[in-house]
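Enquirer:
There are 2 protein chains.
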Amino acid sequence: MNKKLSAKFGEVIRELRKERNLSQEALADKADVHRTYIGMIERGEKNITLENIQRLAKALNVSLKSIFERLEKISK
Amino acid sequence: MNKKLSAKFGEVIRELRKERNLSQEALADKADVHRTYIGMIERGEKNITLENIQRLAKALNVSLKSIFERLEKISK
Chain A
48 MNKKLSAKFG EVIRELRKER NLSQEALADK ADVHRTYIGM IERGEKNITL
98 ENIQRLAKAL NVSLKSIFER LEKISK
Chain B
48 MNKKLSAKFG EVIRELRKER NLSQEALADK ADVHRTYIGM IERGEKNITL
98 ENIQRLAKAL NVSLKSIFER LEKISK
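Protein sequence lines correspond, in order, to chains A and B.
With positions in the first sequence counted from 1, the corresponding number in the working numbering is that position plus 47.
With positions in the second sequence counted from 1, the corresponding number in the working numbering is that position plus 47.
(1) Can you check whether the CB of N94 of chain B is closer than 7 Å to the CB of E98 of chain A?
(2) Who are the Cβ neighbours of L63 of chain A in its own chain at under 7 Å, not counting the five residues just before and after it?
(3) Would T96 of chain B pass as an interface residue toward chain A - the criterion being a Cβ-Cβ separation below 7 Å?
(4) Quick one: does M48 of chain B have its CB under 7 Å from some CB of chain A?
(5) Taking a Cβ distance cut-off of 8 Å, strictly less, list which residues of the stretch 103-122 of chain A are near chain B, in chain order.
(6) If R82 of chain B and A75 of chain B are in contact, beta carbons under 8 Å, what's the gap, nearest whole angstrom?
(7) Nearest to L103 of chain A by CA position, among A:A73, A:A78, A:E92, is which residue?
(8) Thinking F56 of chain B and G91 of chain B are a contact (beta carbons under 8 Å), I'd like their distance in whole angstroms, please.
(9) Mapping the DSSP letters down to three states, classify M48 of chain A as helix, strand or coil.
(10) Quick one: residues in its chain with C-beta nearer than 6 Å to the C-beta of R61 of chain A, no 5 flanking neighbours on either side, listed in chain order?
(11) Start and end of the alpha helix (DSSP H) containing N99 of chain B?
(12) Put G86 of chain B into one of helix, strand or coil per three-state DSSP.
(13) Against chain B, with Cβ distances strictly below 7 Å, would L52 of chain A count as a contact?
If you want it as structure tokens, here you go:
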């Protein structure tokens with residue numbers, strides 16, 4: 048598993064979540080995923096699927112495109 | 048599984064592959080995935096992971112951001 052990519056992805060999710068003043072639990076509830084799952088994603092421990100990327104995007108009220116736009120900014 | 052999203056994703060991958068005049072086999076070789084896998088992705092039959100999205104992006108020489116930009120254009 049590409050740890051760098053999932054770590055960067057996790058960083059973007061944490062950033063977006065904090066901007067929205069959501070706890071990991073609150074985001075998990077909105078996205079309908081398990082509470083521990085958000086922590087694992089944010090720490091880059093999971094190779095997330097497209098379906099779950101979309102769930103998080105919807106819960107964070109952000110487009111898929113802008114998630115990856117942020118991810119690429121981190122990469123530079 | 049959200050079939051709509053994976054179907055749209057598959058459409059984008061097929062479009063990018065054809066623009067590059069690559070066969071499914073050639074793309075599979077470049078991305079180091081199984082040959083049948085590309086067909087499944089293009090038909091929207093798989094909930095692809097972030098790691099494999101990146102493999103395809105690299106093999107297609109395109110950024111993650113532009114994949115999702117295209118995906119959102121299809122969605123409208």
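Just so it is clear, CB atoms sit at the ideal spot from N, CA and C, and this is done for glycine as well.
Expert: A quick look at the data gives this:
(1) yes
(2) L107, V109
(3) yes
(4) Note that M48 of chain B has pLDDT 44, beneath the 50 cutoff, so the model's placement of it is unreliable and the number below is only indicative. Interface residue, yes.
(5) S110, L111, K112, I114, F115, E116, L118, E119
(6) 4 Å
(7) A:A78
(8) 7 Å
(9) Bear in mind that a pLDDT of 44 at M48 of chain A, under 50, signals an unreliable position, so the model cannot answer this.
(10) E89
(11) 97-107
(12) G86 of chain B sits in a helix when the DSSP states are folded into three classes.
(13) It does: the Cβ of L52 of chain A has a partner Cβ on chain B nearer than 7 Å.
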